[in-house]
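Visitor: Submitted below is the structure of interest, expressed as structure tokens.
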Amino acid sequence: MSQDFLPFTRPTIDEATISAVGDVLRSGWITSGPQVREFEAQLSAYCGGRPVRVMSSATGAMEIALALADVGPGDEVITTPLSWASTANVIMRAGARPVFVDIDPRTRNIDLSLIEGALSPRTRMLLPVDLAGLPVDREQLYAIAQRHNLRVLEDAAQSMGSNWKGKRIGVDGDLISISFHANKNITSAEGGCLVLNDADEARRCELWRLQGVERFPDGGYDCTLAGGKHNLTDVAACIGLGQLKRLDEFNARRLTLARHYFEHFDRTLGCELPPEDFAQSNWHMFQIVLPAQVERGDFIRAMHAAGIGVGVHYPAIHLLSLYRGMGFKPGDCPHAERVGRGLATLPLFPSMQSQDVERVCAQAARILKRS
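Below, the structure written as structure tokens:
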């Protein structure tokens with residue numbers, strides 16, 4: 008691939024972090040250890056002192072959150088159809104059933120006004136997603152949850168550093184899952200965390216995270232539940248520590264680039280731009296919805312030929328084969344289906360320059376004007 012190729016995302020790892028990873032490798036302690044404990048301590052401070060436990064993935068964090076909330080067979084969890092498949096898959100793996108509620112076409116997040124119409128006696132949890140880093144309305148979300156005595160699992164995979172009315176995501180709320188995947192605003196290469204409510208919940212989280220095993224001072228151990236293997240390595244935690252200290256810097260740069268997109272994108276092309284939320288979003292992604300007459304595959308191929316990567320985040324989950332097999336069908340969530348067909352994620356990452364944004368906008372205009 009040409010050195011001039013502009014991917015839709017690229018992590019920024021500084022030399023100090025690379026050197027620190029080398030120190031961890033040389034230390035001989037590379038699995039969960041002191042780096043993990045320090046990463047959790049710093050994440051807890053970031054989340055207002057709440058307990059935080061890191062995992063090998065945000066998917067694992069959500070699986071554990073469902074277990075902590077006792078979600079299981081016969082239960083229903085209300086969620087959005089516009090997300091990565093893991094949001095619904097974890098519900099299935101718990102033995103519960105996802106109930107998809109359509110999106111608000113403006114925010115592209117779950118339409119909170121439709122949730123109460125989707126409730127049933129089997130509903131146990133609400134699982135919203137902050138798509139592209141734009142927060143769901145936390146006041147309305149928790150008002151619904153409190154009225155109906157429901158747990159909430161915030162899929163905040165994409166919203167590290169976002170806020171709701173000035174309060175950081177993670178400081179308030181019930182269970183919050185955050186991702187540190189390679190394409191997120193900060194990364195640990197792979198990984199994630201779960202923000203918890205109290206020390207007891209954090210202790211149970213630790214058991215679910217590592218085989219349900221509790222070790223004793225005499226070297227023995229007991230197993231009290233059928234936990235999984237979700238622990239994060241010290242190597243990954245070391246990367247995360249280096250990234251966390253730069254989160255504000257990274258997000259400020261993303262905001263600048265997003266503003267530049269709005270200044271330079273040709274609004275006569277018929278694309279739907281994201282909401283211009285410069286106060287609350289962390290600008291994890293800059294997503295446009297292509298006009299209905301434009302074939303997304305053709306647009307992506309043409310952009311790629313011009314040296315520009317474009318992502319797709321995401322097709323509507325309920326139309327994936329697994330969920331069609333459960334009886335979900337086209338027309339169930341018309342807004343999510345339309346937006347999911349046309350979404351295209353344009354390049355946005357901290358090391359981009361203003362001229363990169365201008366190049367993306369110019370190429371998109373040339374291609375779309377030919378469509």
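The number in the numbering used here is simply the position in the sequence shown, starting from 1, with 7 added.
Using N, Cα and C, we set each Cβ at its ideal position, and we do this for glycine too.
This structure is a prediction, so every number in the text was calculated from the model and none was measured.
Is the stretch 74-82 touching the stretch 101-111, taking contact as three or more C-beta pairs under 8 Å?
Guide: With the cut-off at 8 Å, the stretch 74-82 and the stretch 101-111 touch.
Visitor: Which residue or residues does DSSP assign as beta-bridge partners of I315?
Guide: Sequence index remark: in the sequence shown, residue 315 carries index 308 (1-based). Answer is L13, bridged to I315.
Visitor: Got a sec, what are the start and stop residues for the alpha helix (DSSP H) E302 sits in?
Guide: Counted from its first residue, the sequence shown places residue 302 at position 295. Premise fails: E302 is in no alpha helix (DSSP H) and is neither H nor E.
Visitor: Whose C-alpha, out of G338, I71, I193, is nearest the C-alpha of T94?
Guide: As a first step, residue 94 must be located in the sequence shown, where it is residue number 87. Closest option to T94, judged by alpha-carbon separation, among G338, I71, I193: I71.
Visitor: Thinking just about the alpha-carbon of each residue, which of I185, V143, E197, L182 is nearest to the one in K172?
Guide: Counting from 1 along the sequence shown, the entry for residue 172 is found at position 165. Looking at the Cα atoms, V143 is the closest of the given residues.
Visitor: Let's see if you can read the secondary structure: which residues bound the beta strand (DSSP E) around I122?
Guide: Taking the first residue of the sequence shown as 1, we reach residue 122 at position 115. Run containing I122: none in the beta strand (DSSP E); it sits in the alpha helix (DSSP H), 122-125.
Visitor: Taking just the CA atoms, how far does D118 sit from V28?
Guide: The residue you call residue 28 lines up with position 21 of the sequence shown. The residue you call residue 118 lines up with position 111 of the sequence shown. Cα to Cα, the separation comes out at about 42 Å.
Visitor: So what does R158 bridge to, in DSSP terms?
Guide: Along the sequence shown, read from residue 1 onward, the residue named residue 158 stands at position 151. For R158, the pairing in a beta bridge is given by DSSP as M132.
Visitor: Whole angstroms is fine: what's the gap from H188's alpha carbon to A233's?
Guide: In the sequence shown, the residue the question calls residue 188 occupies position 181. In the sequence shown, the residue the question calls residue 233 occupies position 226. Computed Cα separation, rounded: 26 Å.
Visitor: What is the residue span of the alpha helix (DSSP H) that D273 lies within?
Guide: As a first step, residue 273 must be located in the sequence shown, where it is residue number 266. Taken as a continuous stretch (DSSP letters only), D273 belongs to no alpha helix (DSSP H), as it is neither H nor E.
Visitor: Quick one: what does DSSP say A92 is sitting in, helix, strand or coil?
Guide: Residue mapping note: residue 92 aligns to position 85 of the sequence shown, counting from 1. Coil.
Visitor: Using three-state DSSP, classify E221 as helix, strand or coil.
Guide: Residue 221 sits at position 214 when you count from the first residue of the sequence shown. Here E221 sits in strand by DSSP.
Visitor: Under the DSSP definition of a beta bridge, which residues are partnered with K191?
Guide: Here the question's residue 191 lines up with position 184 in the sequence shown. Bridge partners of K191: none, in fact.
Visitor: Given 8 Å as the limit, is there contact between the stretch 45-57 and the stretch 154-165, that is, 3 or more CB pairs closer than that?
Guide: no
Visitor: By the DSSP assignment, the beta strand (DSSP E) with Y53 in it spans what residues?
Guide: Reading the sequence shown from its first residue, position 46 is the one you call residue 53. Y53 -> not in any beta strand (DSSP E); alpha helix (DSSP H) instead, spanning 41-53.
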